[in-house]
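Right, one structure below, let's go through it.
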Amino acid sequence: MEDLISLIRKRRTIRQFQPAEVPLDILFKLTDLGRLAPSASNLQPLEFLVVTEKELRKQVFSCLRWAAYINPAGDPKPEQEPTAYIIILVNTQIRTKGFEYDIGAAAENIILGGLSAGLGCCWLISVDRDRLQPVLKVPETLKIDSVIALGYPAEQPVAEEYSGSVKYWKDETGCLHVPKRSLKDVSHLNFYGQKFPDSLKV
Ligand SMILES: Cc1cc2nc3c(=O)[nH]c(=O)nc-3n(C[C@H](O)[C@H](O)[C@H](O)COP(=O)(O)O)c2cc1C
321 MEDLISLIRK RRTIRQFQPA EVPLDILFKL TDLGRLAPSA SNLQPLEFLV
371 VTEKELRKQV FSCLRWAAYI NPAGDPKPEQ EPTAYIIILV NTQIRTKGFE
421 YDIGAAAENI ILGGLSAGLG CCWLISVDRD RLQPVLKVPE TLKIDSVIAL
471 GYPAEQPVAE EYSGSVKYWK DETGCLHVPK RSLKDVSHLN FYGQKFPDSL
521 KV
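So for the sequence shown, the numbering used here puts the first residue at 321; every next one is plus one.
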């Protein structure tokens, strides 16, 4: 298993997938990683709905919107659609607001856990929740927050140094390039604007 730091560095959002199915035991483990994430006041309002069934997958897919900056070039191609989904649900009988931090922590656990098992993921909030809720028979007391699409990756996006725009792009070979702000720009030492020594390397 790869160490955590290299997984974090190598993680990119994946939107093109191989046709191979994700074994159910891996998906089950990923829901456990979501369950174990930190939770404000330890209220644990989140639940995780795994979708593997082919016809249902098609319906989930139709409720999602991909890669808005390059639409439709970022959509999964036919035959390269996700082979599983984990729907993140909020139990509104436990919390009605303030659950977003819990979701971030749980989603990243799932995404990194997936990566360690060789999976690629796209976490989506562009979801037609009203249409998806009845399809998946989610009771009204639970709210669909977001969807993690999963599968074995069929693309290798690369991080690029930010140069004035956060918009990712595809080159002529179809490779996705994702600008990231520089470490120098986003890190500060002791006082805002004071920088780490240039001699330090990550
Ligand atoms: C909260 C959240 C919501 C996102 N929603 C979508 C989405 O609806 N559709 C999509 O294609 N990507 C979505 N993404 C993926 C982002 O576009 C992606 O993280 C960003 O472009 C940076 O790329 P990277 O994940 O490879 O670093 C979302 C990411 C986050 C964190």
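Where is the CB? At the ideal position from N, CA and C, for every residue including glycine. Just so you know, these numbers come straight off a predicted model, no measurement behind them.
Query	Result
Distance cut-off 8 Å: Y488 Cβ against heavy atoms of ligand 1	yes
L456, DSSP secondary structure in three states	coil
For E401 and Q453, the rounded distance between their alpha carbons	21 Å
Start and end residues, beta strand (DSSP E) containing L462	L462 to G471
Where I406 falls: helix, strand or coil (DSSP)	strand
Residue-level contact to chain C via CB, L366, 9 Å cutoff	Of the protein chains in the structure, only one exists, and it is not chain C.
3-residue-minimum beta strand (DSSP E) runs that sit fully inside the segment 381 to 446, ordered along the chain	404 to 411 and 440 to 444
CB of L503 within 9 Å of CB of K463, strictly	no
CB contact flag (K349, A426, <9 Å)	no
Top-ranked residue by Cα proximity to T372, from T351, V458 and T403	T403
Alpha carbon of N411 to alpha carbon of V486, nearest angstrom	34 Å
CB of I346 within 9 Å of CB of G424, strictly	no
V478 and C383 closer than 9 Å at C-beta	no
Proximity test, S485 beta-carbon vs ligand 1 heavy atom, cut-off 8 Å	no
The segment 364 to 371 / the segment 489 to 508 touching (three or more Cβ pairs under 8 Å)	no
Status (buried if at least 16 other CB within 10 Å, exposed otherwise) for C441	buried
Simplified DSSP state of K521, which is helix, strand or coil	coil
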